[in-house]
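Read top to bottom, the protein sequences are chains A and B. Take the first sequence: its position 31, counted from the start at 1, is 31 in UniProt numbering, and no numbers get skipped. Take the second sequence: its position 136, counted from the start at 1, is 136 in UniProt numbering, and no numbers get skipped.
Protein chains: 2
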Amino acid sequence: MNPSAESGSPATGGGSGGSGGANGGGGNGRSGRAPYDLPAVLDIAVAAFNDYGYDATSMGLLAERLGTSKSAVYYHVSSKEDLLRLALERALGELEGILSQPGATEGAADERLRYVLRGAVKVLVEELPYVTLLLRLRGNTELERDALARRREFDNAVSALVEEARDAGTLRADVDARTTTRLLFGMINSIVEWYKPGGPLTQDQLADDVITVAFDGLRVHDGR
Amino acid sequence: MNPSAESGSPATGGGSGGSGGANGGGGNGRSGRAPYDLPAVLDIAVAAFNDYGYDATSMGLLAERLGTSKSAVYYHVSSKEDLLRLALERALGELEGILSQPGATEGAADERLRYVLRGAVKVLVEELPYVTLLLRLRGNTELERDALARRREFDNAVSALVEEARDAGTLRADVDARTTTRLLFGMINSIVEWYKPGGPLTQDQLADDVITVAFDGLRVHDGR
DNA sequence: GCGCACTTACCGATCGTTCAGTAAAACTAA
DNA sequence: TTAGTTTTACTGAACGATCGGTAAGTGCGC
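Next comes the structure, spelled out in structure tokens:
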């Protein structure tokens, strides 16, 4: 059918995440009105997906927000789903990166847990639109199901940490680890629904609040 | 364009909520193959909306899951959006009902808060598909925005309770009430994403866990 | 024979995607 | 320097499929 369509789009391969990166050699002339590059298109696409939902965002509407035509978008990406794939890769890559950092692999279980939760908040805030998109997936397509599976693996890793900390006696044992983890992530993931970067609540303060509420609860305690 | 679309669908008005209600009472005759009635269509529609997302659920697919034709669906409801309206009315009606119960209006602030949270968990579980649909709204249409506004009002009421309890000295004051409420609802609302009724975790146990984690946190406390 | 609960057949609009063509910049060779 | 070639970044029109919704007819129990 279409002879050239499938052929690999050059930049997609690496998991590098594409944040800036070596690309272009900078020689990008950029005289007059600069043309779009893929990261710019992706940013605007993800914002639109979050505003209207992925399914409800048509390529026409997306083109409108870019100020170009539908077909111009197809110059940069091979399909609508490709935009989704690139976005999800970025979000998942950042999240998975937390688990391989020293703070997440060395030390007492409860401190590792704290480190991972703090890291999750950090990624959520710094990659807010991308993680938002990830957290709203429904699993309609193979791509979405794969992303959900990777997210579930991340959850499982944290759940294991909770269990470890509980076995070590530093976390309460009267609520099971699975439920605990889910409530924990429910709390953290909800951040994408209401947090506005640049507002009065800083990223660090937010992370502190999350850790405080999660570990010590809302109640005023006698001892402390 | 479509002349009849707007005209009020008869049943939407009252807050009756329609939980089961007078109808059928389960004694649903069902001799041979019973024809569909509106509540049955609504149940299946809401399930489909939750499976695929509202936008991604076509009327054709919905008809397929009902085992009938698209037009048959239009015999029972006037539009796709009408299905959404009926579903959201049910979820919001139940949630708002909590706030007017005695347990939510009488007594100490922290006990009223506990009552409302427990009630929210109860409604979430008992009306799981309907509340799930509500919690996933994006606000693309007027209808969705209205529903989101009502949900926000509910959140505000709870936020006021948190503030009251904090002023009374029963809740910690080092995290502000707005953030607290949002984290609280993040935790509670996440239930729709993972809770399976009929599983090992009962509704009452779930509510207990939520209250425990929210008020006392995960940490093992010295004093108690 | 009449209303209820559908059915088949279809409408215009919109969807994601493709296509042929093109202006302008960038590179190449003389 | 300049003519020729290639690459980049697009435009506008169109495609088949599918969308939400409608019109008109059909079987069937009362």
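Note that CB positions come from ideal geometry on N, CA and C, so glycine has one too. Just so it is clear, the structure is predicted and the values come from calculations on it, not from any experiment.
Nearest-angstrom Cβ-Cβ length linking residue i and residue j, presumed shorter than 8 angstroms
| i | j | result |
| --- | --- | --- |
| B:Gly198 | A:Ala214 | About 28 angstroms separates the two Cβ atoms, so there is no contact after all. |
| A:Ala120 | A:Ile188 | 6 angstroms |
| A:Leu183 | B:Val116 | Going by Cβ atoms, the distance from A:Leu183 to B:Val116 rounds to 17 angstroms, so no, they are not a contact pair. |
| B:Thr180 | A:Val175 | In fact, because the Cβ distance is near 20 angstroms, the residues do not count as touching under 8 angstroms. |
| B:Leu62 | B:Ala48 | 5 angstroms |
| A:Gly139 | B:Arg138 | Not confirmed; about 17 angstroms, so no contact. |
| B:Val192 | B:Leu148 | Not really, about 16 angstroms apart at Cβ, beyond 8 angstroms. |
| B:Val46 | B:Ala87 | 5 angstroms |
| B:Leu133 | B:Asn50 | 6 angstroms |
Proximal chain B residues relative to residue i, where beta-carbon distance stays under 8 angstroms
| i | result |
| --- | --- |
| A:Phe185 | Ser190 |
CB contact flag (residue i, residue j, <8 angstroms)
| i | j | result |
| --- | --- | --- |
| B:Leu92 | B:Arg150 | yes |
| A:Asp55 | B:Asp82 | no |
| B:Arg90 | B:Tyr130 | yes |
| B:Arg112 | B:Leu161 | yes |
| A:Gly67 | B:Gly186 | no |
| B:Leu95 | B:Val123 | yes |
Nonlocal neighbours in the same chain, by C-beta distance under 6 angstroms from residue i, ignoring five residues either side
| i | result |
| --- | --- |
| A:Glu163 | Ala177 |
| A:Ala157 | Leu99 |
Neighbourhood of residue i by C-beta, 8 angstroms cutoff - its chain only, sequence neighbours within 5 removed
| i | result |
| --- | --- |
| A:Ala22 | Reliability of the predicted coordinates at A:Ala22 is poor, the pLDDT of 28 falling under 50, and no value is obtained from them. |
| A:Leu219 | A quick correction: the sequence has Arg, not Leu, at residue 219 of chain A. Within the same chain, A:Arg219 has no close Cβ partners at all. |
Chain A contact residues for residue i, given Cβ-Cβ distances below 9 angstroms
| i | result |
| --- | --- |
| B:Leu171 | Leu218, Arg219 and Val220 |
| B:Asp209 | Asp174, Val175, Asp176, Thr179, Thr180 and Leu183 |
Own chain residues within Cβ distance below 7 angstroms of residue i, not counting five before or after
| i | result |
| --- | --- |
| A:Gln205 | none |
| A:Lys80 | Met59 |
| A:Asp155 | Thr181 and Phe185 |
| A:Leu143 | Glu81, Leu84 and Arg85 |
| B:Thr12 | Note that B:Thr12 scores a pLDDT of 30, beneath 50, so its modelled location is shaky; the value from the coordinates is reported in the next line. Result list for B:Thr12: Arg85, Leu86 and Glu89, in chain order. |
| A:Glu106 | none |
Closer than 7 angstroms: residue i CB and nearest the ligand NAP heavy atom
| i | result |
| --- | --- |
| B:Ile191 | What this structure holds is no ligand at all, so the ligand NAP is not there to describe. |
Interface partners of residue i on chain A, CB under 7 angstroms
| i | result |
| --- | --- |
| B:Leu201 | Thr179 |
Per-residue contacts from residue i into chain B (C-beta, under 9 angstroms)
| i | result |
| --- | --- |
| residue 228 of chain A | Because chain A in this structure spans residues 1 to 224, residue 228 of chain A falls outside the shown range and cannot be described. |
Worksheet item: Between the stretch 127-153 of chain A and chain B, which residues of the former have a C-beta closer than 8 angstroms to a C-beta of the latter?
Response: So the list reads Arg136, Arg138 and Asn140, given in the order they occur along the chain.
Discussion item. To be precise: take each residue of the UniProt domain "HTH tetR-type" (35-95) of chain A, compare its Cβ to all Cβ atoms of chain B, and keep it if any distance is under 7 angstroms. Which residues remain?
Written reply: Those would be Tyr52, Gly53, Asp55 and Ala56, in chain order.
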